[in-house]
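Colleague:
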Amino acid sequence: MDHDKDGILTKDDLRRTFDDVGKLGSEKELDDMVRECSQPISFTQFLGMFGTRMADTGGQDEDDVIIAAFKAFDDEGYIDAET
């Protein structure tokens, strides 16, 4: 998610992550996400925000979005818990 590997999630990092999972994030949606967290956004803050959003939706997500999310982190056909 931290595409430039600086330890901070920026609006551009979020946009690229949305692209990686096959979802187009609108400028408003990205701006709203950035505004929800105090700046700068750490990965821990992002996880908290994401968890809250998932709880608000009952943890439901479309299958294709979940599959795309796995593909974004899957280099060789499986995800290894160690790496």
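Residue numbers (this note's numbering): 303 to 385.
The C-beta atom is built at its ideal place from N, Cα and C for all residues, glycine as well.
Treat the numbers as computed from the prediction; the structure is a model and nothing was measured.
Do you know offhand how far residue 350's Cα is from residue 335's?
Modeller: 12 Å
Colleague: Classify residue 311: buried if its beta carbon has 16 or more other beta carbons within 10 angstroms, exposed otherwise.
Modeller: Buried: at least 16 other Cβ atoms inside 10 Å.
Colleague: Have a look at residue 331 and residue 313 and give me their C-alpha separation to the nearest angstrom.
Modeller: Spanning the two alpha carbons is a distance of roughly 10 Å.
Colleague: Thinking C-alpha only, which one of 345, 338, 353 and 354 is nearest residue 305?
Modeller: 345
Colleague: On the CB-based measure, 16 or more other CB atoms within 10 Å of its CB, does residue 352 come out buried or exposed?
Modeller: exposed
Colleague: For residue 311, which of helix, strand or coil comes out of DSSP?
Modeller: strand
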